[in-house]
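A.B. asks:
Number of protein chains: 4
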Amino acid sequence: MLTFESDYVEGAHPKILEELVETNMVQVSGYGSDPFTESAKKKIIQACGRENAQVYLMAGGTQTNALIIDTMLEPYEGVVTAETGHIAVHEAGAVEFTGHKVLTIPHHNGKMDPAELRAYLETFWKDGNHEHMVFPGMVYITHPTEFGTLYTRNELQQIGDICKEYEIPLFLDGARLGYGLMSNDTDVDLPFIAQTVDVFYIGGTKIGALIGEAVVFTHSNMPKHFITRVKQHGAMLAKGRLIGIQFDALFTDDLYFKISRHAIEMAEILKQTLKDKGYTFFMDSPTNQQFIVLENSQMEELKKHVGFSFWETVDEDHTAVRFATSWATTEENLRKLAELL
Amino acid sequence: MLTFESDYVEGAHPKILEELVETNMVQVSGYGSDPFTESAKKKIIQACGRENAQVYLMAGGTQTNALIIDTMLEPYEGVVTAETGHIAVHEAGAVEFTGHKVLTIPHHNGKMDPAELRAYLETFWKDGNHEHMVFPGMVYITHPTEFGTLYTRNELQQIGDICKEYEIPLFLDGARLGYGLMSNDTDVDLPFIAQTVDVFYIGGTKIGALIGEAVVFTHSNMPKHFITRVKQHGAMLAKGRLIGIQFDALFTDDLYFKISRHAIEMAEILKQTLKDKGYTFFMDSPTNQQFIVLENSQMEELKKHVGFSFWETVDEDHTAVRFATSWATTEENLRKLAELL
Amino acid sequence: MLTFESDYVEGAHPKILEELVETNMVQVSGYGSDPFTESAKKKIIQACGRENAQVYLMAGGTQTNALIIDTMLEPYEGVVTAETGHIAVHEAGAVEFTGHKVLTIPHHNGKMDPAELRAYLETFWKDGNHEHMVFPGMVYITHPTEFGTLYTRNELQQIGDICKEYEIPLFLDGARLGYGLMSNDTDVDLPFIAQTVDVFYIGGTKIGALIGEAVVFTHSNMPKHFITRVKQHGAMLAKGRLIGIQFDALFTDDLYFKISRHAIEMAEILKQTLKDKGYTFFMDSPTNQQFIVLENSQMEELKKHVGFSFWETVDEDHTAVRFATSWATTEENLRKLAELL
Amino acid sequence: MLTFESDYVEGAHPKILEELVETNMVQVSGYGSDPFTESAKKKIIQACGRENAQVYLMAGGTQTNALIIDTMLEPYEGVVTAETGHIAVHEAGAVEFTGHKVLTIPHHNGKMDPAELRAYLETFWKDGNHEHMVFPGMVYITHPTEFGTLYTRNELQQIGDICKEYEIPLFLDGARLGYGLMSNDTDVDLPFIAQTVDVFYIGGTKIGALIGEAVVFTHSNMPKHFITRVKQHGAMLAKGRLIGIQFDALFTDDLYFKISRHAIEMAEILKQTLKDKGYTFFMDSPTNQQFIVLENSQMEELKKHVGFSFWETVDEDHTAVRFATSWATTEENLRKLAELL
């Protein structure tokens, strides 16, 4: 059955599989000390335009979030996020599992407001009892957000400046980063992110890889004995090559950007189709995830013919649902969908 | 350069890659709810001969150990292991990171002695102050052990009986299980393990897979809301298919057992070669890891021509080193090694 | 200098000191296994009117909250509280330190709304992705709340009923319980609490003791091996007698209730004085904490003559402050305060 | 019944109770910011002869151990102790509960051997795989040990030097410190300890206080935002005065040393009595705890007349037991005991 359920319903981009097959019998050392990983790291650093950046390849998003947050916070600190942040809602308390509180501020279509962030930090430090409270020790943002929305260059700069002023790191969760960078509606590029945030990751799992997120510490700020912390979190792969080879392929000849761009083009077609058919958008998303509101019986009917995701209950009779495109979406499938809508 | 450094220096068995390529564009749901994972689970359950077993596919060994131990212990309990157990030494404190103590008893070539285990448990329960102590809540064994040694059927039975008597689960870490099952010197098979222990895993990473360990709960004893705990540990993969497809291939036409057997055959040749050349064995191993003692200057010389692993310092002038065969080892490479030794 | 800064500025009620002195040389066993603790437990159980209740004496509030929550939750569960709950704001992340998330819903003068609680639980269980989220595993309320407000009998009953329906325990933090029970504006008594909630504690530290909170598990529901968990949390006192003797004194001849009532009477005088003097109340509190809004320069002036607590910034020019009475407040000091206001 | 079960069977030294009664109605701020605590800290710093020492008053031993270890270790580090160390055996895993491993080396009558400590650290750093292991980040010793034994000045100096060489802090658990300092068989005094270790505590609970351990950071090395960590551990008392007043009394006119000395004198009488009566000593202890081996039926008989502690099973027919003297032991009771033995 046709599905637009998510951007991880297929395996890997063919170029990645090709590389896996080709390198398969090359004997290399384990735990990420192989030449494929080395090559991938160099290419990523180059794409970021930051010579003193450090890269570490991880397996999945929740794991990466918990590890980055736990290793970059002091034990008396928590992480500030918009209340809709993935870490606050959909990671089963993985951050709290490491002993840290997730501190929330309001969201605006998935984004935090720089002024509200500043106010939060100011209030904390002015509070005479703040030593009895969890210190805000890091700011976490998602880009694209959980709603597919994007920060502007100006907003990122403001949030980055606030973090510098309060001397806390800014962490950008880029599980779908490529789709954000290739959006028609963005003035943000990879080097800008690399110079504005302290740590971020380039999502692979949702953009063509079988598995893998590339963490970038932007200014030689990888936590001390990071490898031991990775191991302690159970996040180290014996065959580090598996992720190294994939990111090496993704960052060769701009593959990562090209396939992200493809997903955006497919999303634009999907968006236009939904508009033409008169659907109500739950919100306006400039990336590969599109959200519409369906009347419940209509939703049940549609479900029989095409896959999509439940997003949230709007009211007793209506539900918001998500359709996602990806590097693998074809125009043909979009045409089939148009016929069903 | 020729290397026998470990059993994870190559990628995946070709049959696995083939399956990954073939299924690549099939659209499936995420998080392990795909049909490949379903099929793999069924085949594993069948191979175990336990209808009410439950299987869960994980990415790596340390992650699996920490997750199983954390989810099967009560918060006031720790896990009992031989002092050489992987969890006690080489997992960077991943178990303690989850809040549980690793309780150690002596080892005998990597194995625990059933009588010493019983004595440990007896002493704990007889101690009038035991409520101020960590309760032994699980027994952890590795098979093959870190030294490549194997428990006999009788020993496993004894340990299993003790655990039943004390009403605590027995957990077998089978990161290299196939190599143990296919050894010339074992009377233990997979169904026997499945009926004797409460939980174990079938290692994939070191036996032909790119990644993956198949956890088997042998009697419908998967912890409650296990999926949420997996997520909380950062151990859930969005593309669960990656592991599902691999184990499906490994458990089709006995591939797992055949390639394990191959490694054993290669190890027997290696062992004979080492014997013939007059090397001193650090200990006698019936599986794919062989340990010898080298004079340090000899070790430095050999290192220039072939890869192997440092094991431990024997004395000022001698070092124990490890050579490992795997599913990928060729007779040709063993011949080349023989020439170098 | 005169102070109304808090309800813990003096030592202990004289009757308690007397008992400590009198029993001082009696030799007893440690860790709470002494006859004083035994006697205190019996008296508390009797006052609660619940034969199958179990009592455990702890040292302080944050410690008690973290322990109760950690021991009564499953590892995949968090605790639901009004956003102003002490555990959510002023305990330095002690709950998250144990690995559990604090889940917040809106507050209304410090109280949660039963309907909003129900809606929260309903939404969680209806969410198709709830296995990726933290399960609401307990409800935490404070009575009196951080704002000195009180739940009505009806509200407590509703919250209790919702918890029963969802099969999660209801935990009432009674750090200032006596002041709530003796308020003029309450229809709640101790037996009602004991029959409505699953676990609660009777605060001693803020009501006449040097130290101590008496936890009541209302229906033989003390977590398994609770003593070991107490020790593991570092919360066990070698000289358990210290708290036992105090609670024994507090629950002899209704001392706890009498001194709580005294604080309420003093608070009523304070409230009337503040009203007469034309002060603006930040909110209406029926217990021993009274909150007023001061113009900042007025606050600075007053600070020179009398102690009170900063509560929160109201706007650029105004601050909310707290005055607290206690078992130790005298009418004479209230008269002195009246002269200063 | 006569008891020598432990050194915490009575309440507090009368001088302490006197001070508690006298200061009872003085109004002071909470959380350790009171003048009594201030005064106690100054007196302790003076007794230590270290101007830049910092003191923090805690409630109990396990709590103090877990807090010091957790706050002074990096997350990838564990604490090295003799295998009989209190933290390794009798604290219900309180250290592991904070996520850190307890690393053990052999004991010799409760003490670690400096040479064995050095060998342990050397082996770790030489191990090529040490990044997969828990880093030894602190050394923990007890003085007196769990067996009542004492380190010599020379041994402490050696251990201190090793720690300096490896740049890890040395932590001395002095739950019974006074009894060690006042032993007939020691060349160690308080200033020597304060200049040799990085952090230690002066036990109050077992030496005359109702509750309380005074932690000394010997060179301005209190961890950052320590108060917040104390709160996070649930270890902060609202009425900090309770411990401040007690240590102020203990460090006025050498009370702490005088009452410790009394216990030693009583222990010497006890020891002589046991010798005269022909008892077999389990080991030779120079402090207030004396250990003898009893034939089991003899033990059961004696138990009917006098209290003592089970120590450990020696063999099927014999048990080691402990008799403890304290600040409160009287010569009269020792005479009574002599008659029973």
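Protein chains in written order, with the numbering used here: chain A, 2 to 342; chain B, 2 to 342; chain C, 2 to 342; chain D, 2 to 342. Note that beta-carbon positions come from the ideal geometry of N, C-alpha and C, so glycine has one too. Treat the numbers as computed from the prediction; the structure is a model and nothing was measured.
(1) Is it buried or exposed, D/D255, if we count other Cβ atoms within 10 angstroms and call 16 or more buried?
(2) Give the range of the beta strand (DSSP E) segment to which A/Y57 is assigned.
(3) Considering only DSSP beta bridges, list what B/A321 is partnered with.
(4) Indicate whether at least one CB of chain A lies closer than 8 Å to the CB of B/E87.
(5) What does D/L76 reach in chain A if we use C-beta pairs closer than 7 Å?
(6) Should B/E301 go down as buried or exposed, given a rule of 16 or more other Cβ atoms within 10 Å for buried?
(7) Under the three-state reduction of DSSP, which class applies to A/F201: helix, strand or coil?
(8) Which residue wins for smallest C-alpha separation from A/I206, given the options A/L157, A/R154, A/I260?
(9) Under a CB-based cut-off of 8 Å, is B/N130 close to chain D?
(10) Give me the residue from D/A268, D/S298, D/A250 with the minimum Cα distance to D/E20.
(11) Of all the options C/V294, C/D162, C/K240, which has the alpha carbon lying nearest to the alpha carbon of C/D316?
(12) Beta-carbon within less than 7 Å of C/S310's beta-carbon, same chain only, minus the 5 sequence neighbours each way: which residues are those?
(13) Measuring straight from C-alpha to C-alpha, what distance separates D/R230 and D/Q55?
(14) Assign B/G161 to one of three DSSP states: helix, strand, or coil.
(15) Return the CA-CA distance between B/N222 and B/V216, expressed in angstroms with no decimal places.
(16) Establish whether the CB of D/F136 and some CB of chain A are separated by less than 8 Å.
(17) Indicate whether B/A60 and A/L58 have their beta-carbon atoms separated by less than 8 Å.
(18) Evaluate contact between the region 147 to 160 of chain B and the region 182 to 196 of chain B, counting only Cβ atoms and requiring at least three cross-stretch pairs below 8 Å.
(19) Can you tell me whether DSSP reads C/F283 as helix, strand or coil?
(20) Is the region 67 to 82 of chain C close to the region 89 to 101 of chain A, with three or more CB pairs under 8 Å?
(21) Pairing CB atoms from the region 32 to 51 of chain C with CB atoms from the region 172 to 184 of chain C, are three or more of them under 8 Å?
(22) DSSP puts A/L173 in a beta bridge; with which residues?
(23) Determine contact between the region 325 to 336 of chain B and the region 133 to 144 of chain D, defined as no fewer than three beta-carbon pairs at a distance below 8 Å.
(24) Report the three-state DSSP secondary structure of C/F193 (helix, strand or coil).
(25) Using a Cβ cut-off of 8 Å (strictly closer), state whether D/E23 contacts chain B.
(26) Residues of chain C with CB under 9 Å from A/V200, in chain order?
(27) So, using beta-carbon positions, are D/G1 and D/Y202 closer together than 8 Å?
(28) Please look up how many angstroms separate the CB atoms of D/G149 and D/T288, rounded, as I've assumed it's under 8 Å.
(29) What do you get for D/K278, buried or exposed, if any count of 16 or more other CB atoms within 10 angstroms of its CB means buried?
(30) If we cut at 8 Å on Cβ distances, does C/H108 have a partner in chain A?
(31) Thinking just about the alpha-carbon of each residue, which of A/H14, A/S34, A/I69 is nearest to the one in A/F218?
(32) Pick from D/S298, D/I163, D/I212: whose alpha carbon is nearest that of D/H319?
(33) Could you spell out the range, first to last residue, of the beta strand (DSSP E) harbouring D/G82?
(34) So C/A89 and C/K112 are in contact, right, with Cβ under 8 Å, and what is the actual spacing, rounded?
(35) Rounding to the nearest angstrom, what Cα-Cα distance links A/E166 and D/K16 in this structure?
(36) Would you tell me roughly how many angstroms separate the C-alpha atoms of B/G204 and B/Y121, rounded to the nearest one?
C.D. replies: The structure says:
(1) Answer is exposed; the Cβ neighbour count stays below 16.
(2) 55 to 59
(3) B/V294, B/E313
(4) Note that residue 87 of chain B is His in the sequence shown here, rather than Glu. Chain A, which has no Cβ nearer than 8 Å to the Cβ of B/H87, makes this no.
(5) The sequence given here has Pro at residue 76 of chain D, not Leu. The answer, in chain order, is R230.
(6) Burial call: exposed.
(7) If DSSP states are grouped into helix, strand and coil, A/F201 belongs with the strands.
(8) Residue identity check: residue 206 of chain A is Thr in the sequence provided, not Ile. It is A/I260.
(9) yes
(10) D/A250
(11) C/V294
(12) E6, S7, V322, R323
(13) 16 Å
(14) helix
(15) Going from the Cα of B/N222 to the Cα of B/V216 covers about 12 Å.
(16) yes
(17) Taking C-beta atoms as the reference points, B/A60 and A/L58 fail to come closer than 8 Å.
(18) yes
(19) coil
(20) yes
(21) no
(22) A/I142, A/F201
(23) no
(24) C/F193 falls in the helix class under three-state DSSP.
(25) No - not a single Cβ of chain B is within 8 Å of the one on D/E23.
(26) What A/V200 touches in chain C: nothing, since even the nearest Cβ is about 21 Å away.
(27) The first residue shown for chain D is 2 and the last is 342, placing residue 1 of chain D beyond what the model contains.
(28) The Cβ separation is near 4 Å, so the contact holds.
(29) exposed
(30) With 8 Å as the cut-off, C/H108 does not count as an interface residue toward chain A.
(31) A/I69
(32) D/S298
(33) Gly is not the amino acid found at residue 82 of chain D; the sequence shown has Thr there. Its beta strand (DSSP E) spans residues 78 to 83.
(34) The Cβ separation is near 14 Å, so there is no contact.
(35) 52 Å
(36) 29 Å
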